[in-house]
Amino acid sequence: MGITVFIFGLPGSGKSAAARHIKSFVRQKKFHPRRELLIVEFSRDDYCKALSFFTSLGLRDAHFLFINSDILTCKARIKGRADHPQSWDDRYVSDYIFEEYYQGDHQQYLSEVAQQLNQRFGVPREHVQVIHNGPEVSVQQFYQAVESFADDILKIKV
Numbered sequence: 007m008g009i010t011v012f013i014f015g016l017p018g019s020g021k022s023a024a025a026r027h028i029k030s031f032v033r034q035k036k037f038h039p040r041r042e043l044l045i046v047e048f049s050r051d052d053y054c055k056a057l058s059f060f061t062s063l064g065l066r067d068a069h070f071l072f073i074n075s076d077i078l079t080c081k082a083r084i085k086g087r088a089d090h091p092q093s094w095d096d097r098y099v100s101d102y103i104f105e106e107y108y109q110g111d112h113q114q115y116l117s118e119v120a121q122q123l124n125q126r127f128g129v130p131r132e133h134v135q136v137i138h139n140g141p142e143v144s145v146q147q148f149y150q151a152v153e154s155f156a157d158d159i160l161k162i163k164v
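Now the structure itself:
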């Protein structure tokens, strides 16, 4: 069976960068899962509601990576990527989206979602990891944390 990875976080938190880096890391390690590596990344104000559409993927066996970053940092990254796009998903996200959907304490929300993943979908706590990607975290440090996550799930599934 393949490996399913969900990557969650605010717009501009680093989800797409993490997904691209996991794919690169897997190729570099020459890891060949029995079927496939499926990476799903998105931002929502209610992850559990959104996940109800993915139950056919076997959420109990999936792995979840939350990228935690503060709103001001995310907005600055979004502005930078919209001004100088380097990939197809470097899109602008309006202040309205942040104000309407993401004003709560994101760290607290991530903790609540992790608990709900276990209660509603049977996801083991060890299948959920949070990586901080704030302004004090270098790109290299972020990628090292992503590699650690990828290495952990590859070891579990090999």
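As numbered in the numbering used here, residues 7 to 164 make up the sequence shown, in order.
The C-beta atom is built at its ideal place from N, Cα and C for all residues, glycine as well.
Range covered by the alpha helix (DSSP H) that runs through residue i
i      : result
HIS27  : 21-34
THR79  : 77-89
PHE104 : 101-107
LEU57  : 53-57
Straight-line gap, residue i to residue j (C-alpha atoms, nearest Å)
i      : j      : result
VAL164 : GLU105 : The pLDDT assigned to VAL164 is 46, lower than 50, so where the model puts this residue is not dependable; a value taken from the coordinates is nonetheless given after this. Computed Cα separation, rounded: 42 Å.
TYR108 : ILE77  : 8 Å
LEU44  : THR79  : 28 Å
PRO17  : GLU142 : 18 Å
GLY15  : SER58  : 18 Å
ARG66  : ALA151 : 23 Å
VAL119 : PHE37  : 30 Å
VAL99  : LYS81  : 8 Å
HIS138 : SER19  : 9 Å
Within-7 Å CB hit, residue i to chain D
i     : result
PHE14 : Chain labels in this structure do not include chain D; a single protein chain is all it has.
Beta-carbon proximity of residue i to residue j, cut-off 7 Å
i      : j      : result
GLY140 : SER93  : no
ALA25  : ILE9   : no
CYS54  : GLN122 : yes
LYS21  : GLU42  : no
Opposing strand residues paired with residue i [DSSP bridges]
i      : result
GLN135 : LEU71
PHE48  : PHE14
LEU43  : ILE9
Endpoints, the beta strand (DSSP E) within which residue i is located
i     : result
THR10 : 9-15
Review point. Just checking, does the stretch 70-81 make contact with the stretch 126-134 on the three C-beta pairs under 8 Å criterion?
Key: Enough Cβ pairs lie closer than 8 Å, so yes.
Review point. Hey, is the stretch 24-35 in contact with the stretch 77-90, meaning 3+ C-beta pairs nearer than 8 Å?
Key: no
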